[in-house]
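Chemist: Handing you this structure, nothing more for now.
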Amino acid sequence: MHNTSTAKINNKIKRSSPIVVFLKYMVLVCAVVIVVVPLIVVFLGSFKSHREFYNSGVFSPPTKLEWGNYKTAFIDGKVLLGLKNTIIILVISCFGTILTGSMTAFVLQRFKNHFSSTVKWLFLIATLLPSISMQVTVYQIILKMGLVDTIFAPIVLYVGTDIISIYIFMQFLNNISISLDESAIMDGASYFRIYFQIILPLLKPAIATILIIKMVGIYNDFYTAQLYMPSKHLAVVSTALYRFIGPYGGRWEVIFAGIIITIIPMLIIFLSLQKYIYAGLVSGSVKG
Amino acid sequence: MDKDTKSARTQAEVPRKGALSNYKVQKTITTITFMLIPLLLLIVLTYIPATNMLIYSFQDRTQFSVNDSFVGFDNYLTVFSQPEYFRPLLNSLYYLAGSFIQLSLALLLASIICSKVRFANIFKGFIFFPYMINGVAIALIFVRFFQLGDGFITTDGALNSIIKLFGGEGVKFLSDPLSANISLVFVSIWRYIGFDFVMFMGAIQSISPDLYEASDLDGANSWQRFQYIVFPSIRPIIGLQMILAIKGAISVFEIPYIMTGGKFGTSTFVIQTIETAFKYNKVGLASAMAIILLAIIIIVTVIQKLIFREEA
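So the sequences go chain by chain: A and B.
Quick note: the first sequence uses this note's numbering, first residue -15, plus one each step.
Quick note: the second sequence uses this note's numbering, first residue 509, plus one each step.
So, in structure tokens, the structure goes:
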């Protein structure tokens, strides 16, 4: 017994030669450097005064912290407004998606009949359509609905064209035993009660997954807001930042401050929910 | 006593039976109330626009159309005969090549992280985090990163600073078609590699540890282990990621749209479609372009289904 375990250890030592270990860490460190260098430059630059920005090297730290850039980006650059609008859109869209997505999945997964299998196909085919190119004709529909340049345009689109969520809910529903429903039916519960009191609480992990995917997706989405909400007061994080290009074209220190502001919320969320984010993305992508 | 329970039971059974036959009606009611809004949205936001797109693609049509005469296949002919419309499609090849580099790097990084390294979580976090950053922020970061100072208003960005530090000459990365496209592909890899990386890690970690132990006992080295255990186990994920890479490469939009506006030969098919529709107001032509993109995606998907069916 003792012999085999030492053999195992010897084996391991023989296998990972120092060169391989060195190369492994080299690759990892290189990757980290490539990720970090562009971000460090932004971070340092965001604290420099306009004069210092153009007279110092990109890697030199600021001599004095210039918080004014952040103030300009927040208020004049409308990043604060963008954050507010993004959060409103995010909350309503997530609520809508979770409700409609889980209800749809409930019907499609639990009631096996011609109707549900046809609808399943309709949803499946819809995933093929290229979302940005589709806006060529979706735009006219949203226009006819009178939603262009209102906050409801992105909300309706985020809720109404999210098919991945339905699939995630269906996958989770697959693992919730149907005998739960059956025993509830025996006790005389209605389908509404089964859905709200039994199924929905059990779908919590699926809801967490969808919230994460939705959050990253909506926070980072640019084109929906760019196309449907041209008004300045309807800026979201992406469009507020995009509109820096004109007025602050030569003022990179302000643009950098804006960039850092938009990164911080995501950084906080990432650091606190790391494990769930990885798991959520993996389970969300199975149905690509 | 005995009689009492019996009657109680039958009493309970009567509404139950009634309820059961009632469930058919209930199913219909539930289906209608639960599906009404989702189905309506699906039809209004997906199927009606898709149908319109097909119809418009045969019309000479503008955004606020008054004149929508039928023009047959003219729009499709225009797309394939005028370089300004089909050339952007060729730019997808840059992104396709980039995707394969991205997938290989992601796989390499994922296998390294999964092979018991120190600080694995920290490395993982760094490599993944760019995926969480706003696309506009990334585009702006790299516009500056690649910038070459003109000596008056702008100064060198990080990359040209480094090049000059080592005695090289500054490069205008974003204004020559070749270097601009390569730079944009680099940004795209920087942004999305974390996603592939996490996917591969998920797949590698779901491999049963027994297999590793068995290979340990057989004295397999890291490469053999990768070749005979890891690679076969994650092949379906690699296949899926490749299909997604192809679809992604023909649908590139955001990074070049923000960074170069599609100038200097960096336009993509989707940028061209959107500009045709919303800038040049040619909805008919843009619809034809969207239909062509859809056709390509359908072909790729069918190929994917055939390959996956063979494997299953």
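Beta carbons: idealized from backbone N, C-alpha and C, even for Gly.
Computed from a predicted model, the values in this text were never measured in an experiment.
Span of the alpha helix (DSSP H) holding Tyr212(A)?
Modeler: Segment 207 to 212, the alpha helix (DSSP H) holding Tyr212(A).
Chemist: In terms of DSSP beta bridges, what is Gln567(B) paired with?
Modeler: Its beta-bridge partners are Phe578(B).
Chemist: Have a look at Leu801(B), Leu814(B), Gly580(B), Ile805(B) and flag the residue whose alpha-carbon is nearest the alpha-carbon of Phe594(B).
Modeler: Closest by alpha carbon: Leu801(B).
Chemist: Under the rule that 16 or more other beta-carbon atoms within 10 Å means buried, what is Val17(A), buried or exposed?
Modeler: Answer is exposed; the Cβ neighbour count stays below 16.
Chemist: Please compile the residues from chain A whose C-beta is within a distance smaller than 8 Å of the C-beta of Lys813(B).
Modeler: None at all; the shortest Cβ gap to chain A is about 11 Å.
Chemist: Taking 8 Å as the cut-off, decide whether the C-beta atoms of Gln780(B) and Met797(B) are in contact.
Modeler: Yes, Cβ-Cβ distance for Gln780(B) and Met797(B) is below 8 Å.
Chemist: Would DSSP call Cys622(B) helix, strand or coil?
Modeler: Cys622(B) falls in the coil class under three-state DSSP.
Chemist: At the level of alpha carbons, what is the spacing between Ile537(B) and Ile804(B)?
Modeler: Approximately 40 Å, taken between the alpha carbons.
Chemist: Assuming Tyr603(B) contacts Val760(B) under a Cβ cut-off of 8 Å, what Cβ separation, rounded to an integer in Å, is found between them?
Modeler: Correct: roughly 5 Å between the Cβ atoms.
Chemist: Is the beta carbon of Met561(B) sitting closer than 8 Å to the one on Thr102(A)?
Modeler: Result no, Cβ atoms of Met561(B) and Thr102(A) do not sit closer than 8 Å.
Chemist: Whose C-beta lies closer than 8 Å to the C-beta of Thr145(A) among residues of the same chain, with five residues either side of it excluded?
Modeler: Once the five neighbours on either side are set aside, the close Cβ partners of Thr145(A) are Ala110, Ser115.
Chemist: Tell me the start and end of each unbroken alpha helix (DSSP H) in the segment 643 to 690 of chain B that is at least 4 residues and wholly inside, in chain order.
Modeler: Qualifying alpha helix (DSSP H) stretches, in chain order: 643 to 653, 666 to 673.
Chemist: Report the residue from Val4(A), Ile183(A), Leu113(A) whose alpha carbon sits nearest the alpha carbon of Glu166(A).
Modeler: Comparing Cα positions, the closest option is Ile183(A).
Chemist: Under three-state DSSP, which class holds Phe228(A)?
Modeler: Correct three-state label for Phe228(A): coil.
Chemist: Strictly under 8 Å for the Cβ-Cβ distance: is Asn(-5)(A) near chain B by that measure?
Modeler: Residue placement at Asn(-5)(A) is flagged as unreliable, the pLDDT there being 48, under the threshold of 50; a coordinate-derived value is accordingly withheld.
Chemist: Determine, for Ser77(A), whether the minimum Cβ-Cβ distance to residues of chain B falls below 8 Å.
Modeler: Cβ-Cβ to chain B under 8 Å: no for Ser77(A).
Chemist: Quick check on Leu601(B) - is its C-beta less than 8 Å from some C-beta in chain A?
Modeler: Not an interface residue.
Chemist: In chain B, which residues lie with their C-beta within 7 Å of the C-beta of Asn204(A)?
Modeler: Within chain B, the residues near Asn204(A) are Asn642, Gly643.
Chemist: Give the range of the alpha helix (DSSP H) segment to which Ser44(A) is assigned.
Modeler: That residue, Ser44(A), is in no alpha helix (DSSP H); it is neither H nor E in DSSP.
Chemist: For Glu783(B), report the span of its alpha helix (DSSP H) as first-last.
Modeler: Element bounds for Glu783(B): 777 to 786.
Chemist: Applying a beta-carbon distance threshold of less than 8 Å, which residues of chain B neighbour Lys8(A)?
Modeler: Under the 8 Å cutoff, chain B gives Ile620, Ser623, Val625.
Chemist: What's the call for Gly66(A), buried or exposed, on a 16-neighbour Cβ count within 10 Å?
Modeler: Its Cβ being crowded by 16 or more others within 10 Å, Gly66(A) is buried.
Chemist: Could you list the residues in the segment 246 to 264 of chain A with a C-beta less than 9 Å from some C-beta on chain B, going in chain order?
Modeler: Listed by position, the residues of the segment 246 to 264 of chain A near chain B (Cβ gap below 9 Å) are Thr246, Ile247, Met250, Leu251, Ile253, Phe254, Leu255, Gln258, Ile261, Tyr262, Ala263.
Chemist: Anyone know if the C-beta pair for Phe95(A) and Thr539(B) falls short of 8 Å?
Modeler: Result yes, Cβ atoms of Phe95(A) and Thr539(B) sit closer than 8 Å.
Chemist: When the Cα of Ala168(A) is compared with those of Leu157(A), Gln181(A), Asn158(A), which residue comes out closest?
Modeler: For Ala168(A), the nearest C-alpha among the options comes from Gln181(A).
Chemist: Specify, as a first and last residue, the run of the alpha helix (DSSP H) that Ala89(A) falls within.
Modeler: Taken as a continuous stretch (DSSP letters only), the alpha helix (DSSP H) holding Ala89(A) covers 63 to 94.
Chemist: Is the shortest distance between the beta-carbon of Ile182(A) and the beta-carbons of chain B less than 8 Å?
Modeler: It does not: the Cβ of Ile182(A) has no partner Cβ on chain B nearer than 8 Å.
Chemist: If we ignore side chains and look at the alpha-carbon of each, how far apart do Val42(A) and Leu28(A) end up?
Modeler: If I take the Cα positions, the gap works out to 8 Å.
Chemist: Identify whether Lys32(A) lies in helix, strand or coil by the three-state DSSP scheme.
Modeler: Coil at Lys32(A), not helix or strand.
Chemist: What in chain B is Cβ-close to Ile148(A), meaning under 7 Å?
Modeler: Simply none; closest approach about 13 Å.
Chemist: I want to verify the contact list: residues of chain B whose CB lies under 7 Å from the CB of Pro22(A), in sequence order.
Modeler: Neighbours of Pro22(A) on chain B, chain order: Ile649, Phe650, Phe653, Ala666.
Chemist: Is the segment 227 to 239 of chain A in contact with the segment 49 to 61 of chain A, if contact means three or more CB pairs nearer than 8 Å?
Modeler: At 8 Å Cβ cutoff, the stretches touch.
Chemist: Give the secondary structure of Thr111(A) by DSSP, where H, G and I count as helix, E and B as strand, and everything else as coil.
Modeler: In the structure shown, Thr111(A) sits in coil (DSSP, three-state: anything other than H, G, I, E or B).
Chemist: When the distance is taken between beta carbons, is Arg699(B) closer than 8 Å to Ile621(B)?
Modeler: Contact flag unset, no.
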